[in-house]
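Participant: Residue numbers (my numbering): 123 to 655.
Don't be surprised by glycine CBs; every beta carbon is placed ideally from N, CA and C.
Owing to the predicted nature of the structure, the values given are computational and were not obtained by experimental measurement.
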Amino acid sequence: MMDKRKIMVVVSMVALLLIATMASACSGKHEAKDETDEEIKIPEAVNGEASAFQPTLEISIASIYGLPKYDNNYVQRYLEQKFNVNIKNIRLETIRWREQLNMLLASGEIPDIMPGVAVDSDMVEWAEQGIIASISEEEIRKYMPRYVADFESVAVSAWDVGKFEDKNWGVPRIWGNGTLGFLPAYNGDWLQAIGYSEPPKTLAELEDVLTKFTFNDPDGNNVHDTYGMTGRAKDATNQMFNLVFSTFGINPYYYALDENGKVVYSGLSEETRQGLKLLNQWFERGLIDPEFITDSNSEIRTKFVGGQIGLFDTGMWQHLYDDGFFGATAIEEEVELVIGKPLIGAKGKPYALSNGSLQAPQMFGIQLEEDAEKRARILQMLEFVGMEDEGYLTTVFGIEGESYTFDGDVVVSTEEYSSGEAGALLGIGGFYNPLSGRVVAMEKYFISPEKIEFRDKHSEGYDLITDVLGTTVLQSKSKYNEMLQNMQDQYFIKAISGEADTDKDFDDFVAQWLKAGGQVLLDEANKLHAERN
Ligand SMILES: [Ca+2]
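#1: Comparing C-alpha positions only, which one of N344, G437, N603 sits nearest to S243?
#2: Strictly by DSSP, which residues pair up with M351?
#3: Bridge partners of I615, per DSSP?
#4: Using a Cβ distance threshold of 8 Å, determine whether the segment 469-489 contacts the segment 587-595, with at least three qualifying pairs required.
#5: Spatial neighbours of I209 within its chain, please: C-beta separation below 7 Å, excluding the five flanking residues on both sides.
#6: Excluding the 5 residues preceding and the 5 following Y187 in the sequence, name in chain order all residues of the same chain whose CB lies nearer than 7 Å to its CB.
#7: Quick check on the DSSP output: the beta strand (DSSP E) that includes N211 runs from which residue to which?
#8: Is DSSP giving I574 helix, strand or coil here?
#9: Should N309 be listed as close to ligand 1, given that the test is whether its C-beta is under 7 Å from any heavy atom?
#10: Is it the case that the CB of V595 approaches a heavy atom of ligand 1 more closely than 7 Å?
#11: Determine the contact status of V562 and D272, defining contact as a CB-CB distance below 8 Å.
#12: Helix, strand or coil: which one does DSSP assign to K463?
#13: How is L328 classed by DSSP in three states: helix, strand or coil?
#14: Which residue's Cα is closest to the Cα of I658: V278, D435, S368, S391?
#15: Specify, as a first and last residue, the run of the beta strand (DSSP E) that N309 falls within.
#16: Tell me whether the segment 462-476 and the segment 491-499 touch, counting them as touching only if at least three CB pairs, one residue from each stretch, are closer than 8 Å.
#17: Does the separation of the CB atoms of K191 and L547 fall below 8 Å?
#18: By the DSSP assignment, the alpha helix (DSSP H) with R220 in it spans what residues?
#19: For Q634, report the span of its alpha helix (DSSP H) as first-last.
#20: Please decide whether A326 counts as near chain C, where near means a Cβ-Cβ distance under 8 Å.
#21: Report the rounded CA-to-CA distance for I212 versus L189, giving the unit in angstroms.
#22: Based on DSSP bridge pairs, tell me the residues matched to Q176.
#23: Taking all protein chains shown into account, decide if G462 is buried (16 or more other Cβ within 10 angstroms of its Cβ) or exposed.
#24: Using the Cα positions of R423 and S391, report the straight-line distance between them to the nearest angstrom.
#25: I need the straight-line Cα distance from M362 to M485, nearest angstrom please.
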């Protein structure tokens, strides 16, 4: 158990430093309007009738998503009228939402709807500290039947994530794209230049492609100025060279089941050792950009479209599509982006890294435990904004004809609302709709038939590598995880770049990882896994 008193002392110190910030972040509800000449659109009273809900309730929402610029905005008024509630907006910043929230908690205020950005370890901490409300599965099924059916169609196991000490701690959530994998993408001109009419299919072919991308002057400028690939070591080490590790059937940052059904950590496995060995060979031969150590995803994109590397593996279908993070830039810079399939390697079949579809649940302040009326109202409101076309479209896209129009089923923002600024005036996006982007039934509004066809085409023919623990709640995770991951990142970078070897140094890394808390994690994971299966 955490020491509550100690936490509160730390929190109060943080509080003093942040008082100014919070004063602006939680500006009072009625003052905002006077600060501006900008017009705030107010909805007509819903159907001109009184709300079906009585009595009027106060609901506070804390979020980092789609922060509304002013209070009493269009979406807020719309929901207030529909559900007979008064909403208090608690705006949190992406970078320091935890500090800001702690400050608020220290002042004695707990939001009714907790920030959706929170993860499983937050859930455990907050449950232990008496900050969040437990809520029964039965009640969620009663008030949110369509939403439950929707996420259960993706992963019934989403319920497991919210279970801790035999209670359920929120409304389960899934992320649909998590059921798909990371794909390799190649420079099409370079492939052609080295005599490949299609992307490589095996690990051996990949090695050949990387070699020729490096040494055969694929850009034809007579200068030795290209590399095969780089790696995402700066901001997402679990994605670093995932294409290569996947050919060994593992991701070194995931937990997996061994042949006896025991939970093991893939980072300690022989497959990982072999993957590191191969990457080190490639590094020594000069196929890998030495700057991989400091490369993030944006550097990877810049290097790909700038013709420094011929391949990257950090994109999923939506990033590779014409309007995606990589796809759009490739079109702009006129680089032909050819999407490949995951490769066949040591395991004899193709695997792709997947983020998994499970997320921590949407949590609520502990005061809801004693307030059945408010609980029911909030659950019904969530069902409405998540599953009803009107509720979804209004909270996420605003006013038809003004902020959005339809192209077939797909919603298109009007020019005025194509930037986030106008949307922040209306209050549209994720702030009042914590289920936005997490409902399969609403995909039709933002994924065109062409996109769906593209997604389906690139989702076939390989198996996914997911974390067998997913977002399973481990108490020891919050204590050890960060340190263990740093230790692993450091060793991996050294092993790939040749500063450390993959024989004795790998054995040492394994021993240290287990000793520094990894064994505790594995023991707890196995105990939990045995209980659930
Ligand atoms: Ca060249």
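Facilitator: Walking through what the data contain:
#1: N603
#2: I410, L433
#3: DSSP lists no partner for I615.
#4: Using a C-beta cut-off of 8 Å, the segment 469-489 makes contact with the segment 587-595, since at least three inter-stretch Cβ pairs fall below that distance.
#5: I181, I183, Q198, L201, E202
#6: G238, G551, G552, F553
#7: 207-213
#8: helix
#9: no
#10: no
#11: yes
#12: coil
#13: DSSP places L328 in helix when its eight states are reduced to three.
#14: Because the chain is modelled from 123 through 655, residue 658 falls outside the range shown and cannot be assessed.
#15: 304-309
#16: no
#17: yes
#18: 219-228
#19: 626-635
#20: No chain C is part of this structure, which consists of one protein chain only.
#21: 9 Å
#22: Beta-bridge pairing links Q176 to no other residue.
#23: buried
#24: Note on geometry: alpha-carbon atoms of R423 and S391 lie some 31 Å from one another.
#25: Taking the straight line from one Cα to the other gives about 32 Å.
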